[in-house]
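Residue numbers (my numbering), protein chains in the order written: chain G, 5 to 221; chain P, 3 to 417.
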């Protein structure tokens, strides 16, 4: 891209397809209209295979110095999903496109290559993902803790929903002499909650049916 | 004779000051008076708000989100609400968009004036601190008049706002704006024309354009280096798309895009004027209509529980771009994933190039120049690498060093 020009959201899509071929999936383009003039906020979501992730970031770096807002991540059960929120076309009034790059990491091998050599500003967010989600960032220049206290347990990750997650984070942020510290933690009740909800729904439906039947009689 | 490298000192500054909401630690390596390396270590008071949010339903998270920061509570409220609206396909009314814009800009005025006072205090101009904080009360009064609170306004809801700005409120709004317009020249005179302030701020804490871009810096911190990044213009949200805005960078006003503390002050002061203009236009153009598109609570709760989706909410906070990511899953009343990113998060990395080669006495003003949610120069330990001796600087002593430097500069000027 020549300096001074910007890419539209469709051109961006083609750019990714050209560089990554079939390795880029689930491209979703959104336009949100805001205000009286109804100018659109353009947002693009795409999933890229882990092996081609660095190529995808390089494809962005071809356009201009990439602006990485942040990386968000969550536990999806089987895998961990990381979303790199990039912004393209800044400096062009009304033309900025949010490019949200998704990568799926299997839980058995939650590693991802670093992008700090392409985007130096990504270090903070990469360090954060290591401590909050248990993701291993390969070749990260600085892998020390950033946000969590030094006495926070090594094998606990606040954003996980499985056995490495936690029910109550505050239990771990106080000093070790705290009595509650060593107590075994109940497994996070997410699954149970969903099940219970399903049960409640069923019983409600049954009641409704009974009532209806009663009315008919 | 000892090698030069062996005589470097390590100076941790921080992490706790009871008056501050965000304890913070910066470790400095010093060669005599000169800073040779700086490293930030946040998380001294990590509250786990994201974790808390992921165990609550979206309605309960609105008040939680505005308590992330005391100064920019509107910012986080706005981002969380818009991200959820985006995820669930709820559209706010146009009147709500205008009210949101007005509130965001009022907050920018109060945040920038507060920053100016802090910056002046750090270099020993306490009269300026008292002056700026006195005039800041006027906008706080207006915020209280509109929202009912000085901070934590509780104005946002999914689909709109909870309080209206009615036409009988306009005179008070215009009166406040007039007050700042009249004072603006004085502010510029104090901060941009004073020779001793100029000497303390010019060529201090320089952030080059290359560093600003590479480190993904945001807000006035990078605009002072000439980087055109401003979400209000790049990707206009709320009512900003209806306005005619231009990037506030020093070269627009005949200054060099140097990226030093002076440029950052200039950008923030000019943004005050821009904010006043935005509020004026918004009040004049405000469309009639409902405050919220979801007036029925039961229907709204139904949507929050029955729909799935993911969304992002971005905003140009007083300190720069900030973003929230929200994902909701059907059948689970709590939020599935919530990521908050405030402006200082990205600007942390810009500390290192700004501190390099500066003096100890410049630490307070450079630390303050990104307008961090900190300022906790509570205590500083100086560790002699050779003997392992530890000296401790209190916040006051460090502040005194900074004040003395200003006095030295002033005296030199008189001679």
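C-beta atoms are modelled at their ideal positions from N, C-alpha and C, and glycine is treated no differently.
If we define contact as Cβ-Cβ less than 8 Å, is residue 152(G) a contact residue for chain P?
yes
Please name the residue or residues paired with residue 49(G) in a DSSP beta bridge.
32(G), 104(G)
Let me know if residue 40(G) comes out buried or exposed under the rule of 16 or more other beta-carbons within 10 Å of its beta-carbon.
exposed
Provide the residue(s) that pair with residue 311(P) in DSSP beta bridges, ordered along the chain.
330(P)
Against chain G, does residue 276(P) count as a neighbour if the rule is that its beta carbon must be under 8 Å from one of theirs?
no
Beta-carbon neighbours of residue 289(P), restricted to chain C and to distances below 8 Å:
Absent from the structure is chain C; the protein chains it does hold are G and P.
Among 127(P), 177(P), 212(P), which has the Cα closest to the Cα of residue 197(P)?
127(P)
Between the alpha carbons of residue 79(G) and residue 195(P), how many angstroms are there, rounded?
54 Å
Return yes when the Cβ of residue 87(P) is within less than 8 Å of the Cβ of residue 160(P), no when it is not.
yes
Enumerate in chain order the residues of its own chain whose CB-to-CB distance from residue 349(P) is below 6 Å, with the five nearest sequence positions on each side excluded.
219, 223, 372
C-alpha distance - residue 402(P) paired with residue 363(P), whole-angstrom precision:
9 Å
Among 104(G), 144(G), 209(G), 215(G), which residue has its Cα nearest to the Cα of residue 46(G)?
104(G)
Any Cβ of chain G within less than 8 Å of the Cβ of residue 166(P)?
no
Is the CB-CB distance between residue 339(P) and residue 56(P) below 8 Å?
yes
According to DSSP, what are the bridge partners of residue 110(G)?
83(G)
Stretch pair the stretch 264 to 274 of chain P + the stretch 71 to 81 of chain P: three plus CB contacts closer than 8 Å
no
Does the beta carbon of residue 323(P) come closer than 8 Å to any beta carbon on chain G?
yes
For chain G, check one thing: does any of its Cβ atoms lie closer than 8 Å to the Cβ of residue 230(P)?
yes
Cutoff 8 Å; reference residue 411(P); Cβ partners in own chain excluding five residues on either side:
198, 201, 202
Neighbour flag for residue 78(G) against chain P, beta carbons, 8 Å
yes
Would you say residue 162(G) reaches chain P, if we count a Cβ-Cβ gap shorter than 8 Å as a contact?
yes
Quick one, which residues of the stretch 89 to 118 of chain G are near chain P if we go by CB-CB under 9 Å, in chain order?
89, 91, 93, 94, 95, 96, 97, 98, 99, 100, 101, 102, 104
Determine the direct distance from the alpha carbon of residue 79(P) to that of residue 129(G), and round the result to whole angstroms.
22 Å
Residue-chain proximity (residue 380(P), chain G), Cβ-Cβ < 8 Å
With a pLDDT of 27 at residue 380(P), under the threshold of 50, the modelled position of this residue cannot be trusted, and the question is left open.
Could you work out which residues of chain P lie near residue 127(G), taking near to mean beta carbons separated by less than 7 Å?
351
What would DSSP say about residue 165(G), mapped onto helix, strand or coil?
coil
Exposed unless 16 or more other CB atoms sit within 10 angstroms - verdict on residue 182(P):
buried
With DSSP run on the structure shown, which of helix, strand or coil describes residue 207(G)?
helix
Determine the DSSP secondary structure at residue 224(P), reduced to helix, strand or coil.
helix
Starting from the beta carbon of residue 315(P), find every residue of chain G whose beta carbon is closer than 9 Å, and list them in chain order.
What residue 315(P) touches in chain G: nothing, since even the nearest Cβ is about 10 Å away.
Do three or more CB pairs link the stretch 292 to 303 of chain P to the stretch 156 to 172 of chain P at distances below 8 Å?
yes
Verify the CB distance criterion: does residue 39(P) have a CB-CB separation below 8 Å to chain G?
no
Opposite residue 43(P) in the DSSP bridges: which residues?
27(P)
Have a look at 344(P), 148(P), 307(P), 240(P) and flag the residue whose alpha-carbon is nearest the alpha-carbon of residue 178(P).
148(P)
Per DSSP, residue 91(G) is paired with what?
71(G), 102(G)
Between residue 184(G) and chain P, is any beta-carbon pair separated by less than 8 Å?
Residue placement at residue 184(G) is flagged as unreliable, the pLDDT there being 49, under the threshold of 50; the coordinate-derived value follows with that caveat. It does not: the Cβ of residue 184(G) has no partner Cβ on chain P nearer than 8 Å.
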